[in-house]
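Peer 1: Okay, handing you the structure first.
Protein chains: 4
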Amino acid sequence: MIPRYSRPEMTAIWSPESKFRIWFEIEAHAGDAMADLGLIPRENAEAVWRAKDAEFDIARIDEIERETKHDVIAFLTHLAEIVGSAEARFVHQGLTSSDVLDTTLNVQLTRAADILIADMDALLAALKRRALEHKDTLRIGRSHGIHAEPTTLGLTFARFYAEMDRNRNRLEKARWEVATGAVSGAVGTFANVDPRVEEHVCEKLGLRPEPISTQVIPRDRHAMFFATLGVVASSIENVATEIRHMQRTEVLEAEEFFSAGQKGSSAMPHKRNPVLTENLTGLARLIRSAVTPALENVALWHERDISHSSVERGIAPDATIHLDFALARLTNVIDRLVVYPDRMLENMNRYRGLVMSQRVLLALTQKGVSREDAYRLVQRNAMKVWEEGRDFQTELLADADVRAALSEEEIAEKFDTAYHTAHVDTIFARVFDAPEAN
Amino acid sequence: MIPRYSRPEMTAIWSPESKFRIWFEIEAHAGDAMADLGLIPRENAEAVWRAKDAEFDIARIDEIERETKHDVIAFLTHLAEIVGSAEARFVHQGLTSSDVLDTTLNVQLTRAADILIADMDALLAALKRRALEHKDTLRIGRSHGIHAEPTTLGLTFARFYAEMDRNRNRLEKARWEVATGAVSGAVGTFANVDPRVEEHVCEKLGLRPEPISTQVIPRDRHAMFFATLGVVASSIENVATEIRHMQRTEVLEAEEFFSAGQKGSSAMPHKRNPVLTENLTGLARLIRSAVTPALENVALWHERDISHSSVERGIAPDATIHLDFALARLTNVIDRLVVYPDRMLENMNRYRGLVMSQRVLLALTQKGVSREDAYRLVQRNAMKVWEEGRDFQTELLADADVRAALSEEEIAEKFDTAYHTAHVDTIFARVFDAPEAN
Amino acid sequence: MIPRYSRPEMTAIWSPESKFRIWFEIEAHAGDAMADLGLIPRENAEAVWRAKDAEFDIARIDEIERETKHDVIAFLTHLAEIVGSAEARFVHQGLTSSDVLDTTLNVQLTRAADILIADMDALLAALKRRALEHKDTLRIGRSHGIHAEPTTLGLTFARFYAEMDRNRNRLEKARWEVATGAVSGAVGTFANVDPRVEEHVCEKLGLRPEPISTQVIPRDRHAMFFATLGVVASSIENVATEIRHMQRTEVLEAEEFFSAGQKGSSAMPHKRNPVLTENLTGLARLIRSAVTPALENVALWHERDISHSSVERGIAPDATIHLDFALARLTNVIDRLVVYPDRMLENMNRYRGLVMSQRVLLALTQKGVSREDAYRLVQRNAMKVWEEGRDFQTELLADADVRAALSEEEIAEKFDTAYHTAHVDTIFARVFDAPEAN
Amino acid sequence: MIPRYSRPEMTAIWSPESKFRIWFEIEAHAGDAMADLGLIPRENAEAVWRAKDAEFDIARIDEIERETKHDVIAFLTHLAEIVGSAEARFVHQGLTSSDVLDTTLNVQLTRAADILIADMDALLAALKRRALEHKDTLRIGRSHGIHAEPTTLGLTFARFYAEMDRNRNRLEKARWEVATGAVSGAVGTFANVDPRVEEHVCEKLGLRPEPISTQVIPRDRHAMFFATLGVVASSIENVATEIRHMQRTEVLEAEEFFSAGQKGSSAMPHKRNPVLTENLTGLARLIRSAVTPALENVALWHERDISHSSVERGIAPDATIHLDFALARLTNVIDRLVVYPDRMLENMNRYRGLVMSQRVLLALTQKGVSREDAYRLVQRNAMKVWEEGRDFQTELLADADVRAALSEEEIAEKFDTAYHTAHVDTIFARVFDAPEAN
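Going down the list, the protein sequences come from chains A, B, C and D.
If you count by the UniProt record's numbering, then the first sequence holds residues 1 to 438, one letter each, in order.
If you count by the UniProt record's numbering, then the second sequence holds residues 1 to 438, one letter each, in order.
If you count by the UniProt record's numbering, then the third sequence holds residues 1 to 438, one letter each, in order.
If you count by the UniProt record's numbering, then the fourth sequence holds residues 1 to 438, one letter each, in order.
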């Protein structure tokens, strides 16, 4: 995890303190359930709760772990130091370490998902606001980096909204995937622990009981979780790439907000570099890099091997922390993006009228000109604009073959940009009023 | 695509014939919608359907493409050759190539998903049958490859069932992701085509209209689709790995079916190698390799660039064809897996009674022995079994400290395997009677 | 493998014909070595060479394989049909299938590498030619997509040359990695085959004997091979990205060659899209996708498992064929790239003189102005250019604080572009006259 | 970076202290070179060295960075605070931030590579020692997890030695790739800095001057570096997988060293789990995850974009630190691996004599029995061993058809294991006496 790309709330989920707190809760809730079932004395179950407000001494736990080389035993030893050795003697009874570790991981992942979903809501709000603000801000649409036909900046924001709304939906599904807990013993048979203990612990922690576990919760769940984060990261790269293109010197249709004290470069004071979105592009690569190891973690040996653990010590905090940071950074970028509508128009009109050639082509065919002929007519006038800088409409008006098919008014009508924005409301209604649901 | 790992039905989806047939349907349905809207003459719309039962001449289309370097124009030219140049002159009006290409890709992907879901149903049926068959077949559970506690082979099959049932659920979601079509023109504004044309085409092809497209359908959808295939592939590797372990000489708890004429090795006639599951392990790697390029495809430039296209020409057929093959192969392996219950018992009892040490440990603590003391007592007897090949139960009975806490009957009870299978029915009910749904 | 992105020479390496031909050569050369060592009769060794010019009947081999489910036995059976059963009875003696399969794979990979190296030589020649042609063609250098300082197009080509020259070096190393063969028997002990047989076969096939093999040649070699192809692919993407940027409408400093008959779009005749370099961007993703499965192939079980095989059936032909195609396509793009030097100048001068701000800053500090003060002086004049479209040099001349430090001549000198090209020859000498070697 | 999987020496390379120290050295050496060239006063160059033994105040630098949002400016400001504002006024003259940042990264990577190469030497020494120790320790070779023919444990270690020796070679090449520095200014033209400054700085830091840089050192170098780490990681997984297999209960031919106080599991005291090699398997996945983002970093926009930076802040320390840890852990595992030769023999003889079937097959064909007949003869006797637990040699002796071809002595000779170890010395000589070089 790179501290520079982290925020405190998400980072806290992955702190030792949070981890041990969840471990404690699992053990304490398990004790309650066992007492309810008459398996252990009620007073022992209750005694464990004495540690409820205690601060765990992480240095002490680490010290014990160095000796025992076993983290859960180290924690339980420390817990017994707090609760009392005799009182704590039923703690962890019938459980295996993974019952604690895996359930904790999923508590952490679901909490992380909650933050990510809230992040996404903030991003969606920013995108929607900018979409509505620029619903009718004309802009040239580009395919292959080449001018195609007019569109609006609002549509650009709206499509990012729709994409992120899908991602919100996916994050909810990803959260659901990992919202399970397991307290099922050494190989998942409940031989030493009653299934009702699992049910109680899971209910208290907001999880579903894993229908069938081995020593561990199956890792296809986590693979799906991290694969989803990879998709979200790729969407962030998608938005970031658009903004980087908009800010490049020759285009300059928008700029990331540039604070007063900020220096873009030590050498070139005039430069305003899209460093936030470039950074997001890199973060997207970093977040995506969790996907393959998560997929490789699925095929564990028999009822478990521990190869997944070191992977998850890395990717679980890293991917969630960096994605949280990236979503917040992107929200900020969108919120404060400086937009230059005049420059958008200027760019659109760079090749005078040429972007309307598709309409002219269509008009010609509708007048009965064959597709191949219409194509040729449009092409020969377009080339004059392209190569000699002439005005497309003027050239068309002067072309007898074109005029044989189209009147002056008909030609003029083809250069009305309103034509291209006629369905913006329809699209906005689709995106904002009737969102997809699955 | 590797022909050796393909099946005809899935392969057919990706044939040029299928592709052109879908292209045709899109154009023909679009024509109907335009006629309904009064945009083109009804007779032209109807004329296109003349090609409904025609076979497209792929060599001819290729020939035109070599000249025009444009595949959709090549097809449209050929279509006009069939339908008649005059009759076809409104075909593709207002559409852009991607309207046809992207909608077609999604038709193909949803059809592929349908096959994959059917494959999964067959695999689920096989896993369920074997799970029920071996519900009570005792087997040692292993963590870290080391004997842990007893479980049953039925539980092994049941957990693969639950995992694959989750994958079935994920495949349905993945199908939903890509079940959209777009007929929205050059930059997605519907400037040249009415949104109702899109609605009609999508309805006829079983797709939802893409709420907001650019020139293309957004690629986060496809990224999610291929990421899901990667998870399914990893689950296949998981099952394959279990079987490979079961078949290794020292374990030999099961074997892939071995046909009469088959030769395992040119040199060692006695060898029965788990080549099918090894092959599935490799195929899983191959299918997973589609995930990263699919994620890299999301960030296209502006309203589209065509970098995604060559990627999809590779991964779309390859990943779906190989996954279809792999699911079918795995179903066959599961269906015909030769199981050796006697060997399972023999393996479990290899270290005489040692796998029951957890129960003894628990029993001691329940009798009031401290956790640390109980651990020591169990350990010292266990080591005699481990190092000297003695019988664990016998040793415990002879250990005065143990006997101080546990009676002969109590010790004997700990070696009853029924203890470990007591909750199998509960787990089976969770898996087969109350499947998860999201 | 996608036929559209393949060339015949590379594709031929991966044909069944090529494969069986190499299999034959291995068996025949092995026979010679065994005869030399007196292990088998000379006449049997010689008899095998009867098949030297025979065409193998692939349908027949496939038919036998369907029965035996073993490809090498199928081939050997067919070979015996040609050579004669009695004469062929020593063929493959002491060998294991993998001796044939793995040695063949490495013959194919080294041949593929030879083609790739030749491809690279052609690309290097094209890059060098264009670099020399445009050594002094002025062009704005951009960081973050934002104008920085002048450079030349020749330097752009030269750096791609240097990068591809490194790639050539890497390809040679990658070739070296896989240029080994193994004829060492079932587990690599030479129990049934003399090491001198391996030496002879390898020598005849242009390979080194694998110092220590198991049943297979170790897969770290192949991992390194495919990882190298992934790096080369990424460099292709690097060059392609530059060209895509150069061609975008607002920049338009270069264009891919556009043939007379080609149609850029079915709807917009004026569009010239950089489809070749976009395609190369996608192909780079596809080629890179071989890297991860190749890395996953390294950890085989014990003396081998066959999981690597299905992976290699995919990635070996696919990655080499697509890379061969991509290198050739890129060479063609570079060779025929249409360059617009006037537009380069126009772009550079878009913000009148602003790109010289770094020089002015430096000049001020050299005259004793503090770094912070100099920065402020430059910034306040630069902002007038940026925001009001003024001319930078004019503004500086009118700024009393600037003039206090710099004379008119000194300011004028800062706007001389020759300053930026002063070291081009030095750099060219580094790149073309004294290439790195390792 | 996961602290648990780190070692101090490697971690120190990536500390802020190390980074600022290298930044300082670059600036100071650059100053010397400029003074030598008469570009700046000698006393200013010398003044900078006053900070040679100063500790940089990282909190202060961070504070300045928060204001300026520029790390290099923050450092230079702090440096001026130490050296004196006037004295420091020529520091960084003509340089761009990336000159400092990129050269520093490569200093760090080469230092990291030096540690990794030293790690590898230690691993090689351990592997060689164990190889020689167990040169003749018989062990069954396995393909597909199934018994094949005898080999020795020494050969297993020797092949890991050879693989790691290749990796050592690759690490040296990877180090060479990134052992370059650049001090070439804003877009790499040396407009504001003399190339001799670059030469001097690089010489002092043990780097080669980058032949042609842009604002940055080209990232294909780093891609190759991290790809190489990915291959090394995969080899670590390869060795780890072998040990995990050896330790599994049914095989138990070796065990990771188990310290006295260590507890394998909180519940099952007898379990000795191969947790170190399982951990290494996971670390391999984690290290490999750096490869794809490193490849994605190659295609930067024009003369640079900063997307690579956040990626490298993650993968550069993480991959090198984890690989250093993994190599050291693996060395420790190899050094202290507990080997059970008796169990190796026991496993080999599990199916009494069956592993010799290949030799018998060969002997029969050498006596003139047709390949197909020999196969059948071997198979029918082998099946009795396999299915009925009989002794292979006894069955062969009792088979009249076998005896028609082979005498009692000839049959007995086939069961002499010395046959399988006859070439071990030859192989060892190849591996240890005549290592490959490229």
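Glycine is no exception: its CB is placed at the ideal position from the N, C-alpha and C atoms.
These numbers were taken from a predicted model, which means no experiment stands behind them.
Does DSSP put ALA374 (chain D) in a helix, a strand or coil?
Peer 2: ALA374 (chain D): helix per DSSP, three-state reduction.
Peer 1: For the structure I just gave you, are there three or more beta carbon pairs, one from the stretch 104-118 of chain D and one from the stretch 171-181 of chain D, closer than 8 Å?
Peer 2: Result yes; three or more Cβ-Cβ pairs closer than 8 Å.
Peer 1: Just confirm the distance between the C-beta atoms of ARG430 (chain D) and PRO211 (chain C), as a whole number of angstroms; I'd bet it's less than 8 Å.
Peer 2: About 4 Å; that satisfies the 8 Å criterion.
Peer 1: What in chain B is Cβ-close to LEU79 (chain A), meaning under 8 Å?
Peer 2: The premise fails here: LEU79 (chain A) is roughly 12 Å from chain B at the closest Cβ pair, so nothing lies under 8 Å.
Peer 1: So which residues of chain C does VAL311 (chain A) contact, with C-beta pairs closer than 8 Å?
Peer 2: Result: empty, since nearest Cβ-Cβ is about 14 Å, beyond 8 Å.
Peer 1: Below 9 Å on C-beta distance, what does VAL275 (chain A) contact in chain C?
Peer 2: What VAL275 (chain A) touches in chain C: HIS144.
Peer 1: Report yes or no: is there a C-beta of chain D within less than 8 Å of the C-beta of TRP301 (chain C)?
Peer 2: Yes, TRP301 (chain C) lies at the interface with chain D (some Cβ there is under 8 Å from its Cβ).
Peer 1: Tell me which residues of the stretch 323-340 of chain C have at least one Cβ-Cβ distance to chain A shorter than 9 Å, keeping chain order.
Peer 2: Residues: none.
Peer 1: Give the straight-line distance between the Cα atoms of ILE334 (chain B) and THR249 (chain D), rounded to the nearest whole angstrom.
Peer 2: Approximately 25 Å between the Cα atoms of the pair.
Peer 1: Please work out which residues of its chain come closer than 6 Å, Cβ to Cβ, to ILE2 (chain B), disregarding the five sequence neighbours upstream and downstream, and give them in chain order.
Peer 2: Around ILE2 (chain B): no qualifying Cβ.
Peer 1: If contact means a Cβ-Cβ distance below 8 Å, which residues of the stretch 229-249 of chain C contact chain A?
Peer 2: Listed by position, the residues of the stretch 229-249 of chain C near chain A (Cβ gap below 8 Å) are ARG244, HIS245, GLN247, ARG248, THR249.
Peer 1: Residues of chain B with CB closer than 7 Å to the CB of SER85 (chain C), please, in chain order.
Peer 2: Within chain B, no residue comes near SER85 (chain C); the closest Cβ sits about 16 Å away, beyond 7 Å.
Peer 1: Do the stretch 83-93 of chain C and the stretch 198-211 of chain C touch if we need at least three Cβ pairs shorter than 8 Å?
Peer 2: No: fewer than three Cβ pairs fall under 8 Å.
Peer 1: Count the other CB atoms within 10 Å of the CB of residue 474 (chain D); is the residue buried (16 or more) or exposed (fewer)?
Peer 2: Residue 474 (chain D) is absent from the structure shown; chain D starts at 1 and stops at 438.
Peer 1: I need the DSSP call for GLY314 (chain A), collapsed to helix, strand or coil.
Peer 2: If DSSP states are grouped into helix, strand and coil, GLY314 (chain A) belongs with the helices.
Peer 1: Around the Cβ of SER309 (chain A), are there at least 16 other Cβ atoms within 10 angstroms (buried) or fewer (exposed)?
Peer 2: Its Cβ being crowded by 16 or more others within 10 Å, SER309 (chain A) is buried.
Peer 1: Which residues in chain D sit within 8 Å of ARG272 (chain B), going by Cβ to Cβ distance?
Peer 2: The contacting residues are ILE146.
Peer 1: Straight-line CA distance for SER266 (chain C) to ASP305 (chain B)?
Peer 2: Residue confidence for SER266 (chain C) is low, a pLDDT of 38 falling below 50, so the modelled location carries little weight; the figure read from the coordinates is stated next. Answer to the nearest angstrom: the Cα atoms are 15 Å apart.
Peer 1: Please report the straight-line C-alpha distance between TRP176 (chain B) and MET224 (chain B), rounded to a whole angstrom.
Peer 2: The straight-line gap from Cα to Cα measures roughly 10 Å.
Peer 1: Determine the chain B residues that contact ALA347 (chain D) at a beta-carbon separation under 9 Å, and present them in chain order.
Peer 2: For the record, residue 347 (chain D) in the displayed sequence is Asn; it is not Ala. Here the neighbours are THR249, GLU250.
Peer 1: Would PHE20 (chain C) count as contacting chain D if we go by Cβ distances under 8 Å?
Peer 2: It does not; no Cβ of chain D falls within 8 Å.
Peer 1: Please confirm if the stretch 129-145 of chain C is in contact with the stretch 26-43 of chain C, defined as three or more CB-CB distances below 8 Å between the two stretches.
Peer 2: The stretch 129-145 of chain C vs the stretch 26-43 of chain C: no contact.
Peer 1: Could you tell me how far apart the beta carbons of PRO274 (chain C) and HIS144 (chain A) are, in whole angstroms, since I believe they sit closer than 8 Å?
Peer 2: Sure, about 6 Å apart at Cβ, within 8 Å.
Peer 1: Give the DSSP-derived three-state secondary structure of SER266 (chain C) in the structure shown.
Peer 2: Only weak support exists for where SER266 (chain C) lies, its pLDDT of 38 falling under 50; the value from the coordinates is given anyway. Three-state DSSP puts SER266 (chain C) in coil, outside helix and strand.
Peer 1: Out of B:GLU303, B:VAL311, B:ASN238, B:LYS128, state which residue places its alpha-carbon closest to the alpha-carbon of THR156 (chain A).
Peer 2: When only C-alpha atoms are compared, the closest one is B:GLU303.
Peer 1: May I ask you to verify whether the stretch 395-410 of chain B touches the stretch 379-387 of chain B, counting CB pairs closer than 8 Å and requiring at least 3?
Peer 2: These segments touch.
Peer 1: ARG285 (chain A) and GLU312 (chain D) - do their beta-carbons sit closer together than 8 Å?
Peer 2: Contact flag unset, no.
Peer 1: Alpha carbon to alpha carbon, how far is LEU101 (chain B) from ALA290 (chain A)?
Peer 2: Roughly 32 Å separates the two Cα atoms.
Peer 1: Taking C-beta pairs closer than 7 Å, name the residues in chain C that GLU278 (chain A) reaches, listed in chain order.
Peer 2: Chain C residues near GLU278 (chain A): HIS144.
Peer 1: Of all Cβ atoms in chain D, is any one closer than 8 Å to the Cβ of ARG371 (chain C)?
Peer 2: Interface residue, yes.
Peer 1: Does any residue of chain A bring its CB to less than 8 Å from the CB of THR292 (chain D)?
Peer 2: Yes, contact with chain A.
Peer 1: Could you round the C-beta distance between MET34 (chain C) and ALA45 (chain C) to whole angstroms and report it? I think they count as a contact, below 8 Å.
Peer 2: Confirmed, about 7 Å.
Peer 1: Just to confirm before moving on: does the CB-CB distance between VAL338 (chain D) and PHE257 (chain D) stay below 8 Å?
Peer 2: Closer than 8 Å, so yes.
Peer 1: Could you give the DSSP three-state label for THR417 (chain A): helix, strand or coil?
Peer 2: Coil, per DSSP.
Peer 1: Once DSSP output is grouped into helix, strand and coil, what is the label at GLU27 (chain D)?
Peer 2: Helix.
Peer 1: In chain B, which residues lie less than 8 Å from ARG403 (chain D) when you measure between Cβ atoms?
Peer 2: Those do not exist, as ARG403 (chain D) stays about 19 Å from chain B at its closest Cβ, beyond 8 Å.
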